[in-house]
Each structure stands twice: as C-alpha cells, then as structure tokens.
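S.K.: Just passing along the structure, written as structure tokens.
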Amino acid sequence: MPMLADIDDPPRSRLPGLVIGGLLALPLAGVVLVWLLPTLVEAVLGGSQSFDDRLALETAYMDAVCTQAIELPRDEGLCECVLATEHPGIDCQAPFLQWSLDRQMEHCADPDAKKEALSFCTCVDAVNTSVVEAPDQEAAQTAAQAYRNCQELPDAVYLPTVEALLGVEPAAAPSP
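So, in structure tokens, the structure goes:
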C-alpha cells in the first residue's frame, strides 16, 4: 500500500539488487555445493568407516582372546565383559583399554623392546602411572583412554597375537 511520502518519491525497484545478489551468490553456492559439501560428507563418512573398521578388528581380537587364548588371571576382567555382551567392541572399551595397557606394559618391560619403541613405551608408562595413581575405578578408566594416543605414535607396537598369548610360536614360512 503506497504511503503519502511515496507519491513524490516512489520506492526504487528491488529487482537490480536482487539480480546482482543472485549473480554473486550463485557461484559461491555452487562452489560450496560442488567442493566443500562433498569434502565435508567424505570426512564424516570416512571417519565413521575407519571407526567401524577399528571396532570390528577389536571385537574379533577380543573374541579370539576370550575364546581361544583365555588365561583367567590375565584375561578375567576383559572376558567378563566380552562374553557377556553382544557388541564387545563398543561395550567393552574400558576393560579392553586396561587389558591392552597391561599387555603393552609387559612388552615394554623388556629393555630391548623399550629401545625399539622408546616414545611408545614412554607414553605407555605415563598412561599406566596415571591409571595406577587414579583415586577410583572410574578415574582409572578415564586415564586409560589416553592409551589411544600412544597407539597413534609412529613406533607403536601392536598387541600380541592370539598365538603369542597362547605361548605357541607361529610356524615359520617354508623356505623355497
């Protein structure tokens, strides 16, 4: 509805501003849709895929330890959780991290192994100290989560194989 002031000075058309805005915004929106959005989606999906892969590997490892290589004094805390849950990779992270930390402490107790993986063993020692000094079980589980940072180090040591936990030496490959 026109106002009395609009009679002498009619309002400008908004069409030129709208066209200029569209000409500037459409290429920017195109760049976002073509480049940035797929990159973001791939980062999210790629991260979840690697997380799923890690959980599947950890679940298979925990199942193998608790069904094939169980040694009660060593594995009781882990296997209580693994054998009682459907998805141990998700549900048993705290006991698995503590168990993994204990296995790596055993590995790093050897001076030669410690020299080969000095930064990893130093990290494991620091995490273990935090776990031991924790005032309660919940704080110890929280401190054990720092072990994941140790796994990212370049000289990280893998967990022992199921055969190594059984005390069986893996068979050597036949020579040609």
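The C-terminal residue of the sequence shown carries number 817 in this note's numbering, and the numbering is unbroken.
By construction, the Cβ of each residue, glycine as well, lies at the ideal position given by its N, Cα and C atoms.
For GLN782, which residues from the same chain have a beta carbon less than 6 Å from its beta carbon, with the 5 sequence-adjacent residues on both sides left out?
M.R.: If you number the sequence shown from 1, residue 782 lands on position 141. So the list reads ALA735, once near-sequence residues are dropped.
S.K.: Which residues in the same chain have their Cβ closer than 8 Å to the Cβ of SER760, if we skip the five residues on either side of it in sequence?
M.R.: Working through the sequence shown from its first residue, we reach residue 760 at position 119. Excluding positions up to five away in sequence, the list reads LEU794, PRO795, ASP796.
S.K.: Of the choices LEU742, LEU669, GLU727, LYS756, whose alpha-carbon is the least far from that of GLN792?
M.R.: Here residue 792 corresponds to residue number 151 of the sequence shown, with the count starting at 1. Minimum Cα distance to GLN792 is reached at LEU742.
S.K.: Tell me whether SER729 is buried or exposed, calling it buried when 16 or more other Cβ atoms sit within 10 Å of its Cβ.
M.R.: Against the sequence shown, residue 729 aligns to sequence position 88. Checking the displayed sequence, the identity of residue 729 turns out to be Pro instead of Ser. Buried is the call here.
S.K.: Any contact of the stretch 720–729 with the stretch 674–691, i.e. 3+ C-beta pairs under 8 Å?
M.R.: Touching, no, given that fewer than three Cβ pairs across the two stretches are closer than 8 Å.
S.K.: According to DSSP, simplified to helix, strand and coil, what is ARG655?
M.R.: Residue numbering aside, residue 655 sits at position 14 when the sequence shown is read from its first letter. Of the three classes helix, strand and coil, the one that applies to ARG655 here is coil, per DSSP.
S.K.: Output needed for GLU683: all residues of its chain with C-beta closer than 8 Å, excluding positions within five of it in sequence on either side, in chain order.
M.R.: Translated into the one-based positions of the sequence shown, residue 683 becomes position 42. Nothing meets the Cβ criterion.
S.K.: Report all residues from its chain with a CB closer than 7 Å to the CB of LYS755; omit the five preceding and five following residues, and keep chain order.
M.R.: In the sequence shown, the residue the question calls residue 755 occupies position 114. For LYS755, where only same-chain residues beyond five positions count, the Cβ hits under 7 Å are CYS749, CYS762.
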